[in-house]
Amino acid sequence: MSRVYDDRPCELGEGPLWHPERQQLFWFDIATKRMLSREGANPKCWKFDEYVSAAGWVDRNTLLIASETGLWRFGLENGQKSQIVEIETDNPTTRSNDGRADPWGGFWIGTMGKQAEPSAGAIYRFWHGELRQLVSDVTISNAICFAPDRSCAYFCDTFTKQVMRWTLDPETGWPVGDSHLFLDLRDDGLNPDGAVVDANGNIWIAQWGAGRVAAYDVNGLFIRAVSVDAQHPSCPGFGGPDLTTLFCTTAREGLSTDAIKIQPSNGMTFLKQDVARGQAEHRVII
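Just so we're aligned: 118 in numbering that gives the first Met the number 0 is position 119 of the sequence shown, and the numbers increase by one with no gaps anywhere.
Shown next as structure tokens:
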């Protein structure tokens with residue numbers, strides 16, 4: 000069982016990012032338009048005027064932040080932001096969701112309907128100034144992560160309960176051909192949410208509604224699971240000095256008042272030490 004890392008409950012926690020230069024975790028509460036962090040024992044919080052959901056690190060004091068209207072350069076010390084590229088600004092139905100930097104310095108970001116409208120979202124990649132749509136007709140974009148040998152990307156539409164694998168060009172990181180089914184969780188009734196790949200190539204997937212993060216090997220075979228004291232784990236990430244700590248955000252979204260009263264740790268952010276060795280998060284090149 001994991002333990003609580005931060006006891007501030009999120010309505011919809013998402014996007015844990017371990018900044019390798021700062022040795023600091025950042026994450027989001029999408030529903031309340033906040034980015035959260037800690038500096039030692041001190042909680043930190045940044046508030047935004049729109050939904051924010053995911054980030055990559057640019058340098059020690061700069062993040063790339065994904066919002067409902069685009070990708071932004073954000074200064075951690077001065078709180079200043081400037082837009083890098085617009086995303087779906089002409090579509091008020093959607094917002095950003097899961098995202099992660101890739102090994103080439105690009106950034107993948109998924110969108111979805113604010114009310115999970117069917118097929119309203121998409122998945123994009125931003126690289127060398129170009130934003131390209133990779134996947135259309137997505138209901139709940141999730142599980143964006145990358146193999147340590149740069150061979151492939153993973154992603155899912157949580158609505159389908161299926162995780163996909165996509166071969167990547169070794170020079171550019173753009174997808175090659177079509178994606179293929181990697182993991183089908185329909186028979187198990189499990190909902191794949193955010194995911195991260197460890198240094199050995201195993202994928203760790205938060206399973207919404209199941210209270211756990213489950214690991215699968217490169218062949219899609221179940222290895223083990225780490226439990227969290229929350230019904231809705233939303234996204235894992237590796238961090239800590241040696242990258243062996245598994246962090247996981249969770250959510251209160253969709254839970255009744257009675258369920259939260261019985262299990263007040265719903266929505267908190269968790270950690271489990273000595274789980275596996277993760278990859279350092281890749282730097283975003285802007």
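Just so you know, even glycine gets a beta-carbon here, dropped at the ideal spot from N, CA and C. Model, not experiment: these values are computed from the prediction.
Could you name the residues that DSSP lists as bridge partners for V287?
Nothing can be reported for residue 287: it is not among the residues displayed for the chain, which extend from 0 to 285.
Which residues bound the beta strand (DSSP E) around A121?
Reading the sequence shown from its first residue, position 122 is the one you call residue 121. It spans 120 to 126 - the beta strand (DSSP E) in which A121 sits, taken as one unbroken run.
How long is the line joining the alpha carbons of L35 and T249, rounded to whole angstroms?
Taking the first residue of the sequence shown as position 1, residue 35 is located at position 36. Taking the first residue of the sequence shown as position 1, residue 249 is located at position 250. Computed Cα separation, rounded: 13 Å.
Take the Cβ of V175 as the centre, count every other Cβ of all protein chains shown within 10 Å, and call the residue buried at 16 or more, exposed below.
Counting from 1 along the sequence shown, the entry for residue 175 is found at position 176. When all chains shown are included, V175 counts as exposed.
T256 - containing alpha helix (DSSP H), residue span:
As a first step, residue 256 is located in the sequence shown; it is residue number 257 there, counting from the start. Unbroken alpha helix (DSSP H) run through T256: 256 to 261.
Mapping DSSP to helix, strand and coil, what is I83?
Residue 83 sits at position 84 when you count from the first residue of the sequence shown. DSSP places I83 in strand when its eight states are reduced to three.
Can you list, in chain order, the residues of its chain whose CB lies under 6 Å from that of L130, leaving out five sequence neighbours each side?
Within the sequence shown, numbered from 1, the residue matching residue 130 stands at position 131. Contacts found: V84, Y123.
Please determine, among V137, V217, F269, the residue with the shortest C-alpha to C-alpha distance to Y4.
Position 5 of the sequence shown, counting from 1, holds the residue named residue 4. Here the closest residue by C-alpha is F269.
Let's see if you can read the secondary structure: which residues bound the beta strand (DSSP E) around R185?
By 1-based counting over the sequence shown, the position of residue 185 is 186. Per DSSP, R185 belongs to no beta strand (DSSP E) and is neither H nor E.
Closest by C-alpha distance to H127, when choosing among A121, A100, L220
As a working note, residue 127 is residue 128 in the sequence shown. Ranking the options by Cα distance to H127, first place goes to A100.
Cα separation between F323 and I285?
What the structure shows of the chain is the stretch from 0 to 285, and residue 323 is not part of that stretch, so it cannot be assessed.
Inter-residue spacing [alpha-carbon to alpha-carbon] between R282 and Q272:
In the sequence shown, residue 282 corresponds to position 283, counting from 1. In the sequence shown, residue 272 corresponds to position 273, counting from 1. If you take the alpha carbons of R282 and Q272, they lie about 24 Å apart.
Option nearest D241 by Cα separation, candidates P8, D6, H18, R7
In the sequence shown, counting from the first residue as 1, residue 241 sits at position 242. Here the closest residue by C-alpha is H18.
Do you know how far the Cα of A152 is from the Cα of L220?
Translated into positions along the sequence shown, residue 220 becomes position 221. Translated into positions along the sequence shown, residue 152 becomes position 153. Their Cα atoms are separated by approximately 17 Å.
CB of P288 within 8 Å of CB of R211, strictly
The question about residue 288 has no answer, for the chain in this structure spans 0 to 285.
Exposed unless 16 or more other CB atoms sit within 10 angstroms - verdict on M0:
Residue 0 sits at position 1 when you count from the first residue of the sequence shown. Answer is exposed; the Cβ neighbour count stays below 16.
So the beta strand (DSSP E) Y50 belongs to, where does it begin and stop?
Position 51 of the sequence shown, counted from the first residue, corresponds to residue 50. Y50 -> no beta strand (DSSP E), and no H or E assigned at all.
Determine whether the Cβ of E85 lies closer than 8 Å to any Cβ atom of chain D.
Judged by its chain identifiers, the structure shown contains no chain D, having just a single protein chain.
Can you name the residues that DSSP bridges to R211?
Numbered from its first residue, the sequence shown carries residue 211 at position 212. Per DSSP, the beta-bridge partners of R211 are Q206, S226.
Tell me the DSSP bridge mates of Q132?
The sequence position of residue 132 within the sequence shown is 133, counting from 1. According to DSSP, which records beta bridges pairwise, Q132 is partnered with Y123.
Could you pull out every residue in the same chain whose Cβ sits closer than 8 Å to the Cβ of A290, ignoring the five residues on either side in sequence?
Here the chain covers residues 0 to 285 and nothing more, so residue 290 does not appear.
Does the region 87 to 97 come close enough to the region 58 to 72 that 3 or more CB-CB pairs lie under 8 Å?
yes
With a CB to CB cut of under 7 Å and the five nearest residues on each side skipped, what residues in its chain are close to E116?
Here residue 116 refers to the residue found at position 117 when the sequence shown is read from its first residue. If we look at E116 and ignore the five residues flanking it on each side, its Cβ neighbours are T92.
Beta-carbon separation (whole angstroms), G109 vs I143, contact threshold 8 Å
Reading the sequence shown from its first residue, position 110 is the one you call residue 109. Reading the sequence shown from its first residue, position 144 is the one you call residue 143. Right, the Cβ-Cβ distance comes to about 6 Å (below 8 Å), so this counts as a contact.
Which of the three DSSP states is assigned to I29 in this structure?
Here residue 29 refers to the residue found at position 30 of the sequence shown. Looking at I29 - three-state DSSP - the assignment turns out to be helix.
Here's the rule I'm using: 16 or more other beta-carbon atoms within 10 Å means buried, otherwise exposed. How should C155 be labelled?
Locating residue 155 in the sequence shown gives position 156, where the first residue counts as 1. It counts as buried.
Three-state class that DSSP yields for T268 in the structure shown:
Residue numbering aside, residue 268 sits at position 269 when the sequence shown is read from its first letter. The answer is strand: DSSP assigns T268 an E or B state.
Selection from L254, A198, D6 that minimises the alpha carbon distance to R37:
As a working note, residue 37 is residue 38 in the sequence shown. Answer by Cα proximity: D6.
If we ignore side chains and look at the alpha-carbon of each, how far apart do G120 and D192 end up?
Taking the sequence shown and counting its residues from 1, the one referred to as residue 120 is at position 121. Taking the sequence shown and counting its residues from 1, the one referred to as residue 192 is at position 193. Approximately 15 Å between the Cα atoms of the pair.
A40 versus Q23: straight-line alpha-carbon distance, rounded:
Residue numbering aside, residue 40 sits at position 41 when the sequence shown is read from its first letter. Residue numbering aside, residue 23 sits at position 24 when the sequence shown is read from its first letter. One Cα belongs to A40, the other to Q23, and the distance between them is close to 12 Å.
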